[in-house]
Amino acid sequence: MTMDSRRILITGLSSYWGGRLAQVLEREPGVEAIVGVDSSDPKHELERTEFVRVDTQHGLIRRIVNAAAIDTVIDTRLVVDPLTEPLKRAHEINVIGTMNILAACSGSDSPVRKLVFKSSADYYGCEQDDPAFFTEDMARPHPARTAIERDIVEAEEAVAALAARNRDTTVTVLRVANGIGGEVRTSHLALLSLPVIPSILGFDPRYQFIHEDDVVGVLEYCVRHDLPGIYNAAADGVLALSEVVSLLGKPSLPLLPPWGTGFTAAQLRRLGLRIPLEMLRQLRFGRGLDNRRLKAAGYSYRYTTREAVLKLRAQQRLRPLLRSGVEDYHYEREVEEFLRWSPSVQSAPDRGRRPWRPAADRVAHLEGTLAALRHAGADAIPDGVATAGPDPGTRSPLTSYDDLSADEVIEIASSLEPAALAQLRRYEAAHRSRAEVLAAFDRNLARRRQSGATQ
Amino acid sequence: MADPPEQDATPDEPAAAGQTVELALSEQRGGLPAAPGDLREFLPGLEPERHVTDWGRSERVEGLVDRTLYEFLYHYWFRVEVEGIENVPARGGALLVANHAGALPPDGAMIAKAIREEHPHPRPIHLTMDHSFKGLPGVGMVVTKIGGVPAHPANVHRLLFDEQALVLVFPEGRTGTEKPVRDRYRLRRFGRGGFLETAMRARAPIVPVAVVGAEEAQPVFARLNLLRRLTRLPYVPVTPPLPLPAKFRIRFLEPVWTAELGDAPWEEEGLVQTLGQDIRALIQENLLEMVAARRSVWLG
Chain A
9 MTMDSRRILI
19 TGLSSYWGGR
29 LAQVLEREPG
39 VEAIVGVDSS
49 DPKHELERTE
59 FVRVDTQHGL
69 IRRIVNAAAI
79 DTVIDTRLVV
89 DPLTEPLKRA
99 HEINVIGTMN
109 ILAACSGSDS
119 PVRKLVFKSS
129 ADYYGCEQDD
139 PAFFTEDMAR
149 PHPARTAIER
159 DIVEAEEAVA
169 ALAARNRDTT
179 VTVLRVANGI
189 GGEVRTSHLA
199 LLSLPVIPSI
209 LGFDPRYQFI
219 HEDDVVGVLE
229 YCVRHDLPGI
239 YNAAADGVLA
249 LSEVVSLLGK
259 PSLPLLPPWG
269 TGFTAAQLRR
279 LGLRIPLEML
289 RQLRFGRGLD
299 NRRLKAAGYS
309 YRYTTREAVL
319 KLRAQQRLRP
329 LLRSGVEDYH
339 YEREVEEFLR
349 WSPSVQSAPD
359 RGRRPWRPAA
369 DRVAHLEGTL
379 AALRHAGADA
389 IPDGVATAGP
399 DPGTRSPLTS
409 YDDLSADEVI
419 EIASSLEPAA
429 LAQLRRYEAA
439 HRSRAEVLAA
449 FDRNLARRRQ
459 SGATQ
Chain B
-5 MADPPEQDAT
5 PDEPAAAGQT
15 VELALSEQRG
25 GLPAAPGDLR
35 EFLPGLEPER
45 HVTDWGRSER
55 VEGLVDRTLY
65 EFLYHYWFRV
75 EVEGIENVPA
85 RGGALLVANH
95 AGALPPDGAM
105 IAKAIREEHP
115 HPRPIHLTMD
125 HSFKGLPGVG
135 MVVTKIGGVP
145 AHPANVHRLL
155 FDEQALVLVF
165 PEGRTGTEKP
175 VRDRYRLRRF
185 GRGGFLETAM
195 RARAPIVPVA
205 VVGAEEAQPV
215 FARLNLLRRL
225 TRLPYVPVTP
235 PLPLPAKFRI
245 RFLEPVWTAE
255 LGDAPWEEEG
265 LVQTLGQDIR
275 ALIQENLLEM
285 VAARRSVWLG
């Protein structure tokens, strides 16, 4: 598995998907730079993603892309849910914002080589004579009915035009079904968390969800692999609403009449029950997606629709118990910039909630090195392949230590014992002698001596 | 996935959008799966804890209706007699094509019950319904749970090709159910042959079925267009509220093996039309033969 994306731009960083995707991509050591843009602050705690607050203005994003030599752009901004943004603003974000991002990606002088566009299954619409399962090559059977559907259609058209003009850019369009999970907030989930779930009298629509982990997984998969074209992203299994309701363990109340649904929904909005137009149509007819193309491309879903609903139930049961324990994260710009760029910061800050976990093979390299050092003796400095390692004939673990980058060594070494760290420092001084690594080791040892002395 | 052969949709610009991004793939494969098992292996199986399929079919509701209503209708009310059940393949997808009649015709249900009762390897069959059923509150919901599937070419293709299931279509469509009593057993035009194209693309055999008895069971004496607008039903018939106990005879005819018709038979308009007319003529012939042979409408 190769990943050619080194410098990544994520738009919509403040959305749930953008923030989580940034958290996942940060942990990839191959990724050199991650930049996130959005018009509001991120809501997820991030280690090395740089956030730039940009409103939907064309020139600025292009400048960022060119200056940072971005080779991959992931666009997660698309607003399909009136819960997140009011409709007027949603139109601006969806259509004009998308055009600006695309303008930044297009052109022969643009460094962007890959664009992943997170679109929505609402592209297909929801009508009475729709096929039961939408495949990617089906065009939208009816003209768009609601404002959001029109926006999605326009945005996808613009993306397709970009793909046609720039043949060497990999453009992936993901039509994602309704996301479900314990942390994300959507209109559908707001409805499903009510004690009694409303439905339309006389209809039992088919619902297909995708778990929030799978949405992030799919986006990450498209970054790692080259998947040009359109893909449906939805979990296996299409459940009837009655099934969903029984899995959640709640009763269902047919609040909405089959005729005059829109009118009743408008009245319910006054009482605080927000049901957007797309959801009204889905509550009537339901929708299914054919998700096999992405599976054929190699992605395997972690949860089926049924499992995702069960997880949601577990989360709903736990939420009243856990609510008081966890505080929400607040992005403080000055604090983040200090932690990242200030020379006074000596080690990776203790984030508390999410410790940095090095990749498994990196840790194995370092452990191999330490084993060799122990074998060689407390004060000895191994020469290299011939003397180190239990079996001189095999590949020495010391050669694999040299593959580690300076940052990785510094990060992992701070968890070593002082004696082992001292030995490692001697080895480093004898072989590669990287100045920053030696300096970091010295600081670490000095700190430990100090704390050891004061104890 | 094959494109549905005819969509009543008017694809506007988004069609171009889908096509341009997908150009690379469709250039390679000509828009159709390269090998028969291409995407079929990724078809999700039904999880064992679920008793409702991805199409909305509920085995609990269907079992209940089957044990009570259909059992009664099949054995005692319509006293169905079946010929040629061995023509329905035991494995693989097949498209059953039948004549359609009566206002709320029980012929589909009786064909499904016949396969379940008489066939050595009984399988569930999916009944295609007009789209208007999906929009009817209550009725639409129940029909889906007992095996009704909206009559969209993409649906039929998925059932035949991907799921290798039995599908029943009534090519006369709405015109069949609207037939007044004096036109009984005279088959209406078989549409544009859309069902044929779908079966050809799915490489599934076509089994013509002739059903006698449904016309008399639910005769349409007249149609009232007055209430049409209000209730959004396709039409409002004047018909007895319950089906009359006519004797049913179902004859399954020899299958037409579309896989033997050539490489891409759906592209030849002439072949599709001729085959459609041939099947219609075949069913018509058998119908008239069966009607001539019966002694009485109610007793057979």
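Top line first, the protein sequences correspond to chains A and B. Numbered by my numbering, the letters in the first sequence go through residues 9 to 463 in order. Numbered by my numbering, the letters in the second sequence go through residues -5 to 294 in order. For each residue, glycine too, the CB sits at the ideal point set by N, CA and C. Everything numeric in this text was worked out from a predicted model, so none of it was measured.
(request) Would you list, in chain order, the members of the segment 275 to 301 of chain A that have their beta-carbon closer than 9 Å to a beta-carbon of chain B? (result) Of all residues in the segment 275 to 301 of chain A, the ones placed with a Cβ closer than 9 Å to any Cβ belonging to chain B are R292, F293, G294, G296, D298, N299, R300 and R301, in chain order.
(request) Buried or exposed for H151/B, please, with buried defined as at least 16 other CB atoms from any protein chain shown within 10 angstroms of its CB. (result) H151/B should be labelled buried.
(request) Pull up the distance between the alpha-carbon of R277/A and that of L197/A, whole angstroms please. (result) For R277/A and L197/A, the gap between their C-alpha atoms comes out near 16 Å.
(request) Could you tell me the distance, in whole angstroms, from the CA atom of R35/A to the CA atom of V231/A? (result) R35/A and V231/A: Cα-Cα distance of roughly 14 Å.
(request) Could you tell me which residues DSSP puts in a beta bridge with Y239/A? (result) Y239/A is bridged to L182/A.
(request) Using a cut-off of 7 Å between C-beta atoms, extract the partners of L209/A located in chain B. (result) Neighbours of L209/A on chain B, chain order: P131.
(message) Excluding the 5 residues flanking V353/A on each side, which residues of the same chain have their C-beta closer than 8 Å to its C-beta?
(response) Taking C-beta separations shorter than 8 Å and ignoring five residues to either side along the sequence, the partners of V353/A in its chain run F346 and L347, following chain order.
(request) Verify whether the separation of the beta carbon atoms of M312/A and D244/A is less than 7 Å. (result) Note that residue 312/A is Thr in the sequence shown here, rather than Met. Contact: yes.
(message) Under 7 Å, Cβ to Cβ, is there at least one residue of chain B near T80/A?
(response) Contact of T80/A with chain B is not assigned, every C-beta pair being separated by 7 Å or more.
(request) Assign D450/A to one of two classes, buried (16 or more other C-beta atoms within 10 Å of its C-beta) or exposed (fewer than that). (result) Exposed is the call here.
(message) Which residues in chain A have a C-beta closer than 7 Å to the C-beta of E41/B? List them in chain order.
(response) Within 7 Å Cβ-Cβ: G245, T312 and R314.
(message) By the DSSP assignment, the alpha helix (DSSP H) with E165/A in it spans what residues?
(response) Its alpha helix (DSSP H) spans residues A155 to R173.
(request) Sort out for me which residues DSSP pairs V43/A with in a bridge. (result) L17/A and E58/A, per the DSSP bridge assignment.
(request) With G142/B as the anchor, note down where its alpha helix (DSSP H) starts and where it stops. (result) Counting along the chain, G142/B falls outside any alpha helix (DSSP H), though it belongs to the beta strand (DSSP E) covering G142 to P144.
(message) Please report the straight-line C-alpha distance between E35/B and R214/A, rounded to a whole angstrom.
(response) Cα to Cα, the separation comes out at about 23 Å.
(request) For the alpha helix (DSSP H) containing R245/B, list its first residue and its last residue. (result) Premise fails: R245/B lies in the beta strand (DSSP E), R243 to F246, not in any alpha helix (DSSP H).
(message) Once the 5 residues before and after V103/A are set aside, which same chain residues still bring their CB inside 7 Å of it?
(response) Cβ neighbours of V103/A beyond the five flanking positions: D159, E162 and A163.
(request) Go ahead and label E191/B buried or exposed: buried means 16 or more other beta carbons lie within 10 angstroms of its beta carbon, across all protein chains shown. (result) With 16 or more Cβ atoms within 10 Å of its Cβ, E191/B is classed as buried.
(request) Could you check what DSSP says for R7/A in three-state terms: helix, strand or coil? (result) An answer regarding residue 7/A cannot be provided, because it is not within the stretch 9 to 463 covered by chain A.
(message) Within 7 Å of any Cβ in chain A, is that where the Cβ of F36/B sits?
(response) Yes, its Cβ sits closer than 7 Å to a Cβ of chain A.
(message) One question on the structure: do W25/A and T106/A come within less than 7 Å of each other, judged by their Cβ atoms?
(response) No, they are not a contact pair.
(request) Count the other CB atoms, across all protein chains shown, that sit within 10 Å of the CB of W251/B; report buried if there are 16 or more and exposed otherwise. (result) Exposed.
(request) Work out the CA separation of G188/B and R197/B for me, nearest whole Å. (result) Answer to the nearest angstrom: the Cα atoms are 14 Å apart.
(request) Please list the partners that A248/A has in chain B, where partner means a Cβ-to-Cβ separation under 7 Å. (result) Those within 7 Å of A248/A in chain B are V46 and G50.
(request) Could you name the residues of the segment 206 to 234 of chain A whose beta carbon sits closer than 9 Å to any beta carbon of chain B, in the order they occur along the chain? (result) Cβ contacts with chain B: I208, L209, G210, F211, D212, P213, R214 and Q216.
(message) I'd like to know if L33/B contacts chain A, where contact means its C-beta is closer than 7 Å to some C-beta of that chain.
(response) For L33/B, the answer is yes, since a Cβ of chain A falls inside 7 Å of its Cβ.
(request) Give a yes or no on whether the minimum CB-CB distance between N93/B and chain A is below 7 Å. (result) At a cut-off of 7 Å, the C-beta of N93/B has no neighbouring C-beta in chain A.
(request) Answer yes or no: do T194/A and P236/A have a C-beta to C-beta separation smaller than 7 Å? (result) Here T194/A is not near P236/A, since their CB atoms are 7 Å or more apart.
(request) May I ask you to list the residues that DSSP assigns as paired with M123/B? (result) Paired residues: P144/B.
(message) For L429/A and Y239/A, I'd like the C-alpha separation in whole angstroms.
(response) C-alpha of L429/A to C-alpha of Y239/A: approximately 49 Å in a straight line.
(request) Spell out whether any CB of chain B is found under 7 Å from the CB atom of P304/A. (result) Correcting the residue identity first, residue 304/A is Ala in this sequence and not Pro. Chain B places a beta carbon closer than 7 Å to that of A304/A, counting this residue as a contact.
(request) Taking 7 Å as the cut-off, decide whether the C-beta atoms of P259/B and P100/B are in contact. (result) Going by C-beta atoms, P259/B is not nearer than 7 Å to P100/B.
(message) Assuming contact is defined by CB atoms lying nearer than 7 Å, are V59/B and E112/B in contact in what I supplied?
(response) In terms of Cβ geometry, V59/B and E112/B do not form a close pair [threshold 7 Å].
(request) Taking the CB atoms as reference points, tell me whether G78/B and F242/B lie closer together than 7 Å. (result) No, the Cβ-Cβ distance between G78/B and F242/B is not below 7 Å.
(request) Determine which residues of the segment 139 to 159 of chain A have a Cβ less than 8 Å from any Cβ of chain B, and write them out in chain order. (result) If the cut-off is 8 Å between Cβ atoms, the segment 139 to 159 of chain A has P139, A140, F141, T143, E144, D145, M146, A147, R148, P149, H150 and P151 near chain B.
(request) Can you say whether W49/B is buried or exposed, counting buried as having 16 or more other CB atoms within 10 angstroms of its CB? (result) By the neighbour-count rule (16 or more Cβ atoms within 10 Å), W49/B is buried.
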